[in-house]
Amino acid sequence: MTGDPVLYLLGTGAQPVLNIAVAVERAQVDGWQVCLGLTPTAARWLHPYLPGLEALTGSPVRSHYKLPGQDDVWPTADVVLLAPATFNTVNRLALGLTDSFVVGYAAEALGGGIPTVVVPCVNAALAAHPQFARSVETLQAAGGRLLLPETATAPGQDETPGFDWALGLAEARAAHNATSRPV
Ligand SMILES: Cc1cc2nc3c(=O)[nH]c(=O)nc-3n(C[C@H](O)[C@H](O)[C@H](O)COP(=O)(O)O)c2cc1C
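So the sequence shown is numbered by this note's numbering: it starts at 73 and just counts up by one.
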């Protein structure tokens, strides 16, 4: 418990997730207490680094639902930042398919009025799939703040030079400012 606002940073199986420690550090500099969640794919990719990420955030890195009867190990979120968000996760979130812990948390945040920023990381072919536009529209209509591929781009599945953590973090800050009362 730090008194800082709590950011749930939720990462999925796209290349930029390999640099998620950078995003954690930037968020912490920006005054967030960061709780890091990963899809099973992202957790598998980052497996050797999970102890270091837990040390960095000071919280368990979660990729699975807790068991019935277990306490929540994270403080309540002020803002959720789902980044990078794969095609798979964007669509699952829009369709309400919450078998993944990360998608379940993001879905509850959207439905519960917690500001939710989604930074898709999809290539042009996936972005052109008809479900992607439908999912984006659904999530925006639900109040999600989406940074679309034109602004946070990933031209190919194995190369993501345009992915910009700063955009997602700035949007998370703006979302929090919009919901915080002036002191
Ligand atoms: C090296 C590599 C990079 C990938 N990059 C992306 C990506 O940028 N965007 C995407 O939608 N899928 C990407 N994928 C495919 C996803 O990892 C795959 O769809 C996975 O099922 C996503 O699961 P998740 O959404 O639960 O993390 C990539 C796969 C590999 C092996």
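Using N, Cα and C, we set each Cβ at its ideal position, and we do this for glycine too.
Please say whether residue j and residue i have beta carbons closer to each other than 9 Å?
i    : j    : result
F56  : T111 : In the structure as shown, the chain begins at 73 and stops at 255. Residue 56 is therefore absent and cannot be evaluated.
W117 : R134 : no
V78  : V106 : yes
D102 : R245 : yes
Y80  : A127 : no
For the alpha helix (DSSP H) that residue i lies in, which residues bound it at each end?
i    : result
Q100 : 92-101
G240 : 237-251
Roughly how many whole angstroms lie between the Cα atoms of residue i and residue j?
i    : j    : result
A86  : V94  : 15 Å
T295 : Y121 : Nothing can be reported for residue 295: it is not among the residues displayed for the chain, which extend from 73 to 255.
L198 : F159 : 7 Å
P123 : L108 : 12 Å
D230 : G83  : The predicted model places D230 with a pLDDT of 43, which falls under 50 and marks its position as unreliable; any figure quoted below should be read in that light. Distance between the alpha carbons of D230 and G83: 16 Å.
F235 : C193 : 8 Å
D171 : P140 : 15 Å
A200 : A214 : 22 Å
E184 : R217 : Glu is not the amino acid found at residue 184; the sequence shown has Gly there. Between G184 and R217, the C-alpha separation is close to 14 Å.
Q100 : N195 : 29 Å
L182 : H248 : 14 Å
D143 : L220 : 35 Å
A250 : G176 : 24 Å
On the DSSP letters alone, give me the boundaries of the beta strand (DSSP E) that residue i sits inside.
i    : result
L79  : 78-83
L118 : Premise fails: L118 is in no beta strand (DSSP E) and is neither H nor E.
Q105 : 105-110
Can you find a C-beta in chain C that's less than 9 Å from the C-beta of residue i?
i    : result
G240 : Protein chain content of the structure displayed is limited to a single chain, and chain C is not contained in it.
Tell me the start and end of each unbroken alpha helix (DSSP H) in the segment 137-223 that is at least 4 residues and wholly inside, in chain order. Runs of alpha helix (DSSP H) with 4 or more residues, each lying fully within the segment 137-223, are found at 159-167, 173-183, 196-199, 202-213, listed in chain order.
Taking 8 Å as the threshold, find out whether the segment 162-179 comes into contact with the segment 208-222 through three or more Cβ pairs. Pairwise C-beta distances place the segment 162-179 in contact with the segment 208-222, as three or more of them are shorter than 8 Å.
When the Cβ atoms of the segment 185-199 are set against those of the segment 240-252, are three or more pairs found closer than 8 Å? With the cut-off at 8 Å, the segment 185-199 and the segment 240-252 touch.
Is it true that the segment 125-133 meets the segment 149-162, where meeting means three or more beta-carbon pairs spaced less than 8 Å apart? No, the segment 125-133 does not touch the segment 149-162.
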